[in-house]
Each structure stands twice: as C-alpha cells, then as structure tokens.
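Notes follow once the structure below has been shown.
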Amino acid sequence: MTTTPDSHDARVDPPHAASEFETLLGFLDYHRDTLMMKVDGLSPAQLQATHPPSTLTLGGLMAHLALVEDNWSGEVLLGADPVEPWASADWDGDSDWEMTTAAGRSVQQLQAQYAESRSRSDAILRELAASPTALDTLSARPSRRTGELFSLRWVILHLIEEYARHNGHADLIRESVDGVTGE
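The sequence shown begins at 25 in the working numbering and counts up by one.
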C-alpha cells in the first residue's frame, strides 16, 4: 500500500466559519477535488480497471458524476432539458450508459466532460444562491418517487453525499490499480 504524499494534495479544506452556502459548496468542492485527485496521472487502461466483483471504473465514475452534476443542477433545479451527451444517450438500451460508454472515451474527453459539467453546475448553484433565502429555493422538477420539490440545500447535500459515496469506491479502485491510497 502506498500513501499519496501530502504534496500532491491540492484540495482546499472547506471553510470553518462561513455562510451556510459557502460551507456547503466548500464541502462539495472538496469532494469534487478528491475525485480528481483519485484519477490524476492514470493511463487510459488504469481508468478502465475494475475492482472485482464490481464493474465500476474510475473513468465510469468520472462520467457518472458529470451526469449527476448536469442532472441535478440543470434538469432538476432549473427544469432545463438534458445537455449533450446525455440528451442523445440511449438510456432505454443501457440505464448505465454514462458508465459503460466511458471505456470508449479518452482520458482527455472524460476530463473535459467532467470539467464542463462541474463548471455548469457550479455556475447554476452560485446563481441560485444570490438571494438571502437561496437555500430554501425549490427545484423546478419534483422527485419521481414522492412528487415533492427539492430545496437547493437538499440538492447540494445530495451532491456531497453522491461524491462521498463514490469517492470511497474510487479509493478502493485506485488502490487496486497502483497501490495509491489516501483521503
């Protein structure tokens, strides 16, 4: 087992005393940066490696979290139509399309897609946070399960939860690829 040296950790700790929004976004950014740390320096083959019995890959997780960013910020919060590549994906033929098609994309394509999705999502979250009661702002689209609308606060917390869970997967996959571990 090899531990990642602290000198490679460019993440910024979430603020200790800030507004609720800035604290939530700080934790979200920390987890986003953790994912990028987990995939840093890997070859295309390493991004497609699995940790059996799971079929998850680091490339698949990057694509999945790009989808998560676009879905929750654009589609759920704003009510916007899906953006590409999600708009033309064959979801009926493959409900895990973003993960299974990641193997056919280059490292640069995966990184660019993730960066674009993250940037779009971040801009939406910051735009919505402009009002004093921003975190209570309700989504344009309801939950498919309950029919209830989501607050901006709930969506940000859900994004944090999604990253935290998948970063745990990423840590195990990365360790199985080259022995590197770390937060």
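Note that the Cβ used here is the ideal one computed from N, Cα and C, for glycine as well.
So residue i is in the beta strand (DSSP E); what residue range does that whole segment cover?
{"i": "ALA164", "result": "162 to 166"}
Compare the beta carbon distance of residue i and residue j with 8 Å and say whether it is the shorter of the two.
{"i": "LEU52", "j": "LEU183", "result": "yes"}
{"i": "PRO60", "j": "GLY84", "result": "For the record, residue 60 in the displayed sequence is Met; it is not Pro. Not closer than 8 Å, so no."}
{"i": "VAL201", "j": "LEU101", "result": "no"}
{"i": "LEU48", "j": "LEU181", "result": "yes"}
{"i": "PRO68", "j": "SER130", "result": "yes"}
{"i": "LEU91", "j": "TRP110", "result": "yes"}
Beta-carbon within less than 6 Å of residue i's beta-carbon, same chain only, minus the 5 sequence neighbours each way: which residues are those?
{"i": "GLU93", "result": "SER141, ARG142, SER145"}
{"i": "ILE197", "result": "HIS75, LEU82"}
{"i": "GLN187", "result": "According to the sequence provided, residue 187 is Tyr. The question's Gln does not apply to it. Counting only Cβ-Cβ distances below 6 Å, and skipping sequence neighbours, we find HIS55."}
{"i": "ASP118", "result": "THR124"}
{"i": "GLY192", "result": "none"}
Using the beta-carbon count (16 or more within 10 Å), is residue i buried or exposed?
{"i": "GLN137", "result": "buried"}
{"i": "THR81", "result": "buried"}
{"i": "HIS40", "result": "exposed"}
{"i": "SER97", "result": "buried"}
{"i": "VAL36", "result": "exposed"}
Along the chain, where does the alpha helix (DSSP H) containing residue i start, and where does it finish?
{"i": "LEU181", "result": "176 to 202"}
{"i": "ASP53", "result": "44 to 63"}
{"i": "PRO68", "result": "68 to 71"}
Whose C-beta lies closer than 8 Å to the C-beta of residue i among residues of the same chain, with five residues either side of it excluded?
{"i": "MET86", "result": "LEU59, VAL63, LEU71, ALA126, LEU134, GLN135, GLN137, TYR138"}
{"i": "GLY50", "result": "VAL36, ASP37, PRO38, PRO39, ALA42"}
Report all residues from its chain with a CB closer than 7 Å to the CB of residue i; omit the five preceding and five following residues, and keep chain order.
{"i": "ALA194", "result": "LEU59, LYS62, LEU82, LEU85"}
{"i": "LEU159", "result": "GLU44, PHE45, SER175, LEU176, ARG177"}
{"i": "LEU173", "result": "LEU162, SER163, PRO166"}
Answer yes or no: the CB of residue i versus the heavy atoms of the ligand SAM, is any distance below 7 Å?
{"i": "ARG169", "result": "Because no ligand of any kind appears in the structure shown, any question about the ligand SAM cannot be addressed here."}
field: Every unbroken beta strand (DSSP E) inside the stretch 92 to 144 [3 residues or more]
entry: none
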